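According to this note's numbering, numbering within the sequence shown proceeds without interruption in unit steps and concludes at 528.
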Amino acid sequence: MESLKQKLAALEAEISNIVITDAAALEAYRIKFLGTKGLVKDAFAAMKDVAPADKKDAGQLLNAFKQFAEAHYENNKQVQSGGGKQGNQLDFSLPGLQFQPGTRHPLKVTENEIVNIFSKIGFTVAEGPEIEDDWHNFTSLNMPADHTARDMQDTFYVAQNPDWILRTHTSSTQARVLEEGNLPVRVICPGRVYRNETISARAHCFFHQTEGLYIDKKVSFADLKQTLYYFVKEMFGSNTKVRFRPSYFPFTEPSAEMDISCTVCGGKGCNLCKHTGWVEILGCGMVHPDLLRNFNIDPEVYSGFAFGMGVERITQIKYQVNDLRLYSQNDIRFLKQFTSIQQ
Ligand code: PHE
């Protein structure tokens, strides 16, 4: 009986020291201890040499040993299959981690497209700050402090200082380009702008513009029309028609708004064009002589045109997005729809 006790204690110590690192080691352990010719079975064979009086105790000892050996197997089996705390084996049957490559934002896709089209005819990109001063955003552009046109663009003021605002249009960048004094000018100014509007499907407190400015000797309204007509054909297809309607902007004279024939219904009438067959896409005009004078440019020698469009509007027309808020909600289901049109 004593020798059986010692033997079992020695075997338990041996088992405790066995570190199982992989499935093969686990199987080797099972065969050595729990198999039909294993050491557990072998230990039970010693029962026949135990004195009848000790048989009950010996049986309990042997059963405890068997449970100990089996528990060691079961614990390690769980670890090997990844169920244990320290699963150090990979389960190749699990689905892999999915890394989703990012995609360009639809507004950036449109902006790139607009910029590319104008860069083909010699426009370069100019960028400016989003926090602007009154001079660049308003006053230099023919909108002095009391000008009613300021009401058209509800302005966000930065802190208490009325001189610092969030730019309401990227025309402020054009002012900065003119300030540099290099003529001729042929720039396209993309960027984010801010207006204090209640957020809804059709208005937002920030949006994006791409504005253009062209100043040289002998620039005429015909140049303006041809340039924008070229843009429309590139952007919306060669069948698209344009029309200009007289309008008013303080920085241009004459001013116009440009419509294109509806790209959804082709002019027959639908929700996008509100059944008129036309959709408005931009404002434009000949640069006001007073504005040129503000930048020490002689309007008798130089003339130019300017235009500005909303990037959201162009994207909405191209991809029939009917709620402006979608652009800034970061909903992956919305954004993923634009994966295939990377630019
Ligand atoms: N800056 C004008 C706006 O934000 C757009 C515009 C630009 C109009 C240039 C005419 C000429 O509404």
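For every residue, glycine included, the Cβ atom is placed at its ideal position computed from N, Cα and C.
Bear in mind the structure is a predicted one, so any value in this text is a computation, not a measurement.
Asked: Nearest to GLU396 by alpha carbon, out of GLY493, PHE429, VAL235?; Found: GLY493
Asked: List the residues that DSSP assigns as beta-bridge partners of THR309.; Found: VAL372
Asked: Under the rule that 16 or more other beta-carbon atoms within 10 Å means buried, what is ARG371, buried or exposed?; Found: buried
Asked: Tell me which same chain residues have a C-beta within less than 7 Å of the C-beta of ALA334, skipping the five on either side of it?; Found: MET328, PRO435
Asked: Exposed or buried, what is MET443 when buried is set at 16 or more other beta-carbons lying within 10 Å of its beta-carbon?; Found: buried
Asked: Is any heavy atom of the ligand PHE found at a distance shorter than 7 Å from the C-beta of HIS473?; Found: no
Asked: What separation, rounded to the nearest whole angstrom, lies between the Cα atoms of SER188 and ALA228?; Found: 11 Å
Asked: Look at the alpha carbon of PHE341 and the alpha carbon of ASP401, and state the distance between them as a whole number of angstroms.; Found: 34 Å
Asked: Only counting the same chain, and skipping five residues up and downstream in sequence, which positions put a Cβ closer than 8 Å to that of LEU413?; Found: VAL427, MET443, LEU467, CYS469, PHE492
Asked: How long is the line joining the alpha carbons of PRO431 and GLU438, rounded to whole angstroms?; Found: 10 Å
Asked: By the 10 Å Cβ neighbour count, where 16 or more other Cβ atoms means buried, how is ARG518 classified, buried or exposed?; Found: exposed
Asked: Considering only residues of the same chain and omitting the five flanking positions on each side of SER488, which have a CB-CB separation below 6 Å?; Found: VAL404
Asked: Beta carbon of ALA407: closer than 7 Å to some heavy atom of the ligand PLP?; Found: Looking for the ligand PLP in the displayed structure turns up nothing; the ligands present are the ligand PHE.
Asked: Quick check for students: name the residue ranges of the beta strand (DSSP E) that lie wholly in the stretch 391-461, counting only runs of 3 or more.; Found: 391-402, 427-434, 437-446
Asked: Using C-beta distances below 8 Å, list every residue in its chain close to PHE386, excluding the 5 sequence neighbours before and after it, in chain order.; Found: For the sequence presented, residue 386 should be read as Ala rather than Phe. Excluding residues within five positions, the ones whose Cβ falls inside 8 Å are ASN507, ASP508, LEU509, ARG510.
Asked: Apart from the five residues just before and just after TRP463, which ones in its own chain have a Cβ nearer than 6 Å to its Cβ?; Found: ASP444
Asked: Return the residue from the list LEU457, ASP331, GLY287 that minimises the CA-CA distance to GLN522.; Found: GLY287
Asked: Any heavy atom of the ligand PHE inside 7 Å of the beta-carbon of CYS469?; Found: yes
Asked: With respect to 7 Å, is the separation between the Cβ of ALA491 and the closest non-hydrogen atom of the ligand PHE below this value?; Found: yes
Asked: Look at the alpha carbon of PRO484 and the alpha carbon of ASN322, and state the distance between them as a whole number of angstroms.; Found: 21 Å
Asked: Whose C-beta lies closer than 7 Å to the C-beta of VAL486 among residues of the same chain, with five residues either side of it excluded?; Found: LYS402
Asked: I'd like the span of the alpha helix (DSSP H) that includes GLU296, first residue to last.; Found: 291-304
Asked: When you compare each of ARG361, ILE306, SER325, PHE284 to GLU312 by their alpha carbons, which one comes out closest?; Found: ARG361
Asked: For MET494, name the three-state secondary structure that DSSP assigns.; Found: strand
Asked: Would you please verify whether the beta carbon of ARG510 is less than 8 Å from any beta carbon of chain C?; Found: Absent from the structure is chain C; it holds one protein chain and no more.
Asked: Can you tell me whether DSSP reads GLY468 as helix, strand or coil?; Found: strand
Asked: Which residues does DSSP pair with ILE316 in a beta bridge?; Found: LEU351
Asked: Are the Cβ atoms of SER356 and ASN479 separated by less than 8 Å?; Found: no
Asked: So PRO375 and VAL472 are in contact, right, with Cβ under 8 Å, and what is the actual spacing, rounded?; Found: In fact, because the Cβ distance is near 19 Å, the residues do not count as touching under 8 Å.
Asked: At the level of alpha carbons, what is the spacing between GLY250 and SER266?; Found: Note on residue identity: the sequence assigns Phe, not Gly, to residue 250. In a straight line, the C-alpha of PHE250 is about 25 Å away from that of SER266.
Asked: Determine the closest residue to GLY307 out of PHE416, ALA344, LYS240, VAL378, with distance taken between C-alpha atoms.; Found: PHE416
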